[in-house]
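Written below as C-alpha coordinates is the structure these notes are about.
In the numbering used here, the protein residues as written are 169 to 366.
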(Lines of atoms letter the chains of each structure in order from A and count residues from 1; the text may use other names and numbers.)
(Lines give C-alpha, C1' and ligand atoms only; values in the text may rest on other atoms or scores of the structure.)
Protein backbone atom coordinates (compact mmCIF):
# COMPACT_ATOMS: atom_id res chain seq x y z
CA UNK A 1 0.00 0.00 0.00
CA UNK A 2 1.29 3.41 -0.87
CA UNK A 3 1.43 6.61 1.08
CA UNK A 4 -1.24 8.16 -1.13
CA UNK A 5 -3.71 5.45 -0.07
CA UNK A 6 -3.12 6.07 3.64
CA UNK A 7 -3.22 9.83 3.14
CA UNK A 8 -6.53 9.56 1.30
CA UNK A 9 -8.01 7.25 3.97
CA UNK A 10 -6.76 9.57 6.72
CA UNK A 11 -8.35 12.62 5.07
CA UNK A 12 -11.57 10.70 4.52
CA UNK A 13 -11.76 9.71 8.21
CA UNK A 14 -10.88 13.26 9.25
CA UNK A 15 -13.69 14.66 7.05
CA UNK A 16 -16.22 12.20 8.47
CA UNK A 17 -15.23 13.05 12.04
CA UNK A 18 -15.45 16.78 11.28
CA UNK A 19 -18.89 16.34 9.71
CA UNK A 20 -20.09 14.26 12.67
CA UNK A 21 -18.70 16.80 15.15
CA UNK A 22 -20.40 19.74 13.39
CA UNK A 23 -23.67 17.83 13.25
CA UNK A 24 -23.47 17.01 16.97
CA UNK A 25 -22.65 20.63 17.87
CA UNK A 26 -25.56 21.89 15.75
CA UNK A 27 -27.95 19.42 17.40
CA UNK A 28 -26.84 20.46 20.88
CA UNK A 29 -27.18 24.15 19.95
CA UNK A 30 -30.70 23.58 18.58
CA UNK A 31 -31.70 21.70 21.72
CA UNK A 32 -30.24 24.45 23.91
CA UNK A 33 -32.07 27.16 21.93
CA UNK A 34 -35.34 25.20 22.17
CA UNK A 35 -34.98 24.68 25.91
CA UNK A 36 -34.01 28.30 26.45
CA UNK A 37 -37.00 29.63 24.50
CA UNK A 38 -39.30 27.15 26.29
CA UNK A 39 -38.02 28.27 29.69
CA UNK A 40 -38.39 31.94 28.83
CA UNK A 41 -41.74 31.80 27.07
CA UNK A 42 -44.67 33.20 28.94
CA UNK A 43 -47.09 33.32 26.03
CA UNK A 44 -49.20 30.24 25.43
CA UNK A 45 -52.09 29.51 23.09
CA UNK A 46 -54.95 27.03 23.38
CA UNK A 47 -55.90 25.63 19.98
CA UNK A 48 -59.20 24.04 19.09
CA UNK A 49 -58.84 20.28 19.50
CA UNK A 50 -55.50 20.36 21.35
CA UNK A 51 -55.25 19.09 24.90
CA UNK A 52 -52.29 21.18 26.03
CA UNK A 53 -51.37 24.80 25.46
CA UNK A 54 -48.59 25.47 22.99
CA UNK A 55 -45.83 28.03 23.48
CA UNK A 56 -46.51 30.88 21.07
CA UNK A 57 -42.90 30.75 19.90
CA UNK A 58 -43.53 27.23 18.54
CA UNK A 59 -46.62 28.08 16.48
CA UNK A 60 -45.49 28.91 12.96
CA UNK A 61 -48.71 28.81 10.95
CA UNK A 62 -51.61 31.25 11.03
CA UNK A 63 -54.10 29.47 13.26
CA UNK A 64 -56.48 31.45 15.44
CA UNK A 65 -56.34 30.09 19.00
CA UNK A 66 -59.41 29.82 21.23
CA UNK A 67 -57.54 31.24 24.24
CA UNK A 68 -54.24 33.06 24.74
CA UNK A 69 -52.42 32.97 28.07
CA UNK A 70 -49.59 35.13 29.33
CA UNK A 71 -48.47 36.00 32.87
CA UNK A 72 -51.64 35.14 34.81
CA UNK A 73 -53.87 36.59 32.07
CA UNK A 74 -56.16 34.36 29.97
CA UNK A 75 -57.72 36.11 26.96
CA UNK A 76 -60.57 34.86 24.81
CA UNK A 77 -59.96 35.00 21.07
CA UNK A 78 -63.43 33.79 20.03
CA UNK A 79 -65.53 36.88 20.64
CA UNK A 80 -65.13 40.56 21.33
CA UNK A 81 -63.86 40.91 24.87
CA UNK A 82 -65.72 43.27 27.15
CA UNK A 83 -64.86 42.33 30.71
CA UNK A 84 -62.01 41.37 33.00
CA UNK A 85 -62.90 38.64 35.48
CA UNK A 86 -61.17 36.99 38.39
CA UNK A 87 -61.72 33.77 40.29
CA UNK A 88 -64.19 34.11 43.15
CA UNK A 89 -62.50 31.47 45.27
CA UNK A 90 -61.07 32.64 48.58
CA UNK A 91 -58.48 29.88 48.68
CA UNK A 92 -57.62 26.69 46.84
CA UNK A 93 -55.34 23.70 47.03
CA UNK A 94 -54.82 21.29 44.21
CA UNK A 95 -54.16 17.62 44.90
CA UNK A 96 -52.62 15.57 42.10
CA UNK A 97 -53.02 11.83 42.59
CA UNK A 98 -50.69 9.59 40.59
CA UNK A 99 -50.57 5.81 40.76
CA UNK A 100 -48.21 5.71 43.74
CA UNK A 101 -48.49 9.05 45.52
CA UNK A 102 -50.32 12.32 45.83
CA UNK A 103 -48.90 15.83 45.84
CA UNK A 104 -50.61 18.92 47.22
CA UNK A 105 -50.07 22.35 45.62
CA UNK A 106 -51.11 25.72 47.02
CA UNK A 107 -52.94 27.80 44.40
CA UNK A 108 -53.55 30.98 46.41
CA UNK A 109 -50.94 33.09 44.59
CA UNK A 110 -52.33 31.96 41.25
CA UNK A 111 -55.92 32.73 42.31
CA UNK A 112 -54.94 36.19 43.47
CA UNK A 113 -53.17 37.16 40.25
CA UNK A 114 -55.23 35.28 37.63
CA UNK A 115 -57.38 37.44 35.31
CA UNK A 116 -59.75 36.39 32.55
CA UNK A 117 -60.37 38.79 29.66
CA UNK A 118 -63.49 37.58 27.91
CA UNK A 119 -67.08 38.06 26.87
CA UNK A 120 -69.57 37.22 29.62
CA UNK A 121 -70.85 34.17 27.75
CA UNK A 122 -67.44 32.63 27.05
CA UNK A 123 -66.21 30.94 30.23
CA UNK A 124 -63.15 28.68 30.26
CA UNK A 125 -63.37 25.13 31.47
CA UNK A 126 -61.75 23.98 34.69
CA UNK A 127 -59.23 22.13 32.50
CA UNK A 128 -58.22 25.39 30.80
CA UNK A 129 -57.62 27.09 34.16
CA UNK A 130 -55.66 24.04 35.33
CA UNK A 131 -53.49 24.17 32.19
CA UNK A 132 -52.89 27.90 32.75
CA UNK A 133 -51.57 27.02 36.21
CA UNK A 134 -49.40 24.29 34.65
CA UNK A 135 -48.00 26.73 32.08
CA UNK A 136 -47.33 29.36 34.73
CA UNK A 137 -45.54 26.92 37.04
CA UNK A 138 -43.94 24.85 34.22
CA UNK A 139 -45.37 21.78 35.95
CA UNK A 140 -46.97 19.12 33.74
CA UNK A 141 -48.67 15.84 34.65
CA UNK A 142 -49.41 12.55 32.84
CA UNK A 143 -52.86 12.16 31.31
CA UNK A 144 -53.92 9.44 33.76
CA UNK A 145 -53.48 11.54 36.91
CA UNK A 146 -56.47 12.49 39.01
CA UNK A 147 -56.60 16.20 39.80
CA UNK A 148 -58.75 17.51 42.63
CA UNK A 149 -59.36 21.12 43.62
CA UNK A 150 -60.15 21.78 47.26
CA UNK A 151 -61.57 25.29 47.24
CA UNK A 152 -63.12 27.72 49.67
CA UNK A 153 -65.90 29.47 47.77
CA UNK A 154 -66.84 33.13 48.01
CA UNK A 155 -69.42 32.08 50.63
CA UNK A 156 -66.79 30.39 52.79
CA UNK A 157 -67.92 26.85 51.95
CA UNK A 158 -65.39 24.11 51.33
CA UNK A 159 -65.94 22.33 48.03
CA UNK A 160 -64.04 19.67 46.13
CA UNK A 161 -63.95 19.54 42.33
CA UNK A 162 -62.35 16.87 40.21
CA UNK A 163 -60.89 17.89 36.91
CA UNK A 164 -62.93 15.68 34.59
CA UNK A 165 -66.31 15.43 36.32
CA UNK A 166 -66.49 19.16 37.17
CA UNK A 167 -64.86 20.43 33.97
CA UNK A 168 -67.88 22.48 32.80
CA UNK A 169 -69.03 23.69 36.23
CA UNK A 170 -67.73 27.26 36.02
CA UNK A 171 -69.80 30.33 35.22
CA UNK A 172 -69.23 34.07 35.04
CA UNK A 173 -71.34 36.52 37.06
CA UNK A 174 -70.48 40.10 37.99
CA UNK A 175 -66.95 39.81 36.56
CA UNK A 176 -66.10 36.81 38.72
CA UNK A 177 -65.74 33.13 37.89
CA UNK A 178 -67.86 30.98 40.19
CA UNK A 179 -68.06 27.26 40.80
CA UNK A 180 -71.65 26.14 40.27
CA UNK A 181 -72.38 22.45 40.59
CA UNK A 182 -75.98 23.04 39.46
CA UNK A 183 -75.44 24.39 35.97
CA UNK A 184 -78.17 23.08 33.60
CA UNK A 185 -75.77 21.16 31.32
CA UNK A 186 -74.03 19.75 34.39
CA UNK A 187 -76.98 18.39 36.39
CA UNK A 188 -77.22 15.19 34.32
CA UNK A 189 -73.64 14.27 35.16
CA UNK A 190 -73.67 15.24 38.83
CA UNK A 191 -73.09 11.82 40.37
CA UNK A 192 -71.70 9.87 37.42
CA UNK A 193 -67.98 10.47 38.01
CA UNK A 194 -67.23 10.57 41.71
CA UNK A 195 -63.73 9.92 43.00
CA UNK A 196 -63.49 8.79 46.61
CA UNK A 197 -60.27 10.02 48.16
CA UNK A 198 -58.56 7.35 50.26
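Even glycine gets a Cβ: it sits at the ideal position worked out from N, Cα and C.
In the structure shown, what three-state DSSP assignment does residue i receive?
| i | result |
| --- | --- |
| residue 224 | helix |
| residue 339 | strand |
| residue 192 | helix |
Distance check for residue j and residue i, CA to CA, integer angstroms please.
| i | j | result |
| --- | --- | --- |
| residue 177 | residue 186 | 14 angstroms |
| residue 298 | residue 184 | 49 angstroms |
| residue 193 | residue 201 | 12 angstroms |
| residue 229 | residue 250 | 28 angstroms |
| residue 222 | residue 174 | 53 angstroms |
| residue 220 | residue 214 | 7 angstroms |
| residue 305 | residue 325 | 27 angstroms |
| residue 330 | residue 308 | 17 angstroms |
| residue 264 | residue 290 | 27 angstroms |
| residue 278 | residue 313 | 21 angstroms |
| residue 191 | residue 172 | 28 angstroms |
| residue 302 | residue 211 | 13 angstroms |
| residue 281 | residue 181 | 59 angstroms |
| residue 198 | residue 316 | 37 angstroms |
| residue 285 | residue 196 | 39 angstroms |
| residue 266 | residue 311 | 10 angstroms |
Which residues bound the alpha helix (DSSP H) around residue i?
| i | result |
| --- | --- |
| residue 327 | Unbroken run through residue 327 is the beta strand (DSSP E), 326-330; no alpha helix (DSSP H). |
What does a CB cutoff of less than 8 angstroms around residue i pick up in its chain, not counting 5 residues either side in sequence?
| i | result |
| --- | --- |
| residue 346 | 256, 321, 322, 338, 339 and 340 |
| residue 287 | 244, 246, 247, 248, 249, 250 and 251 |
| residue 335 | 293, 294 and 295 |
| residue 270 | 263 and 264 |
Could you tell me the boundaries of the beta strand (DSSP E) in which residue i lies?
| i | result |
| --- | --- |
| residue 304 | From DSSP, residue 304 is part of no beta strand (DSSP E) but of the alpha helix (DSSP H) over 294-305. |
| residue 317 | 314-320 |
Grab me the residues of residue i's own chain with a C-beta within less than 6 angstroms of its C-beta, minus the 5 sequence neighbours each way, in chain order.
| i | result |
| --- | --- |
| residue 241 | 283 |
| residue 343 | 251 and 253 |
| residue 275 | 260 and 262 |
| residue 272 | 261 and 263 |
| residue 258 | 320 |
For residue i, which residues from the same chain have a beta carbon less than 7 angstroms from its beta carbon, with the 5 sequence-adjacent residues on both sides left out?
| i | result |
| --- | --- |
| residue 227 | 213 |
| residue 233 | 213, 214, 215 and 245 |
Counting only beta-carbon atoms, is residue i nearer than 8 angstroms to chain B?
| i | result |
| --- | --- |
| residue 256 | In the displayed structure, chain B is absent; only one protein chain is listed. |
Please give me, in chain order, every unbroken run of the alpha helix (DSSP H) with length at least 4 that falls completely inside the stretch 201-287. 276-281
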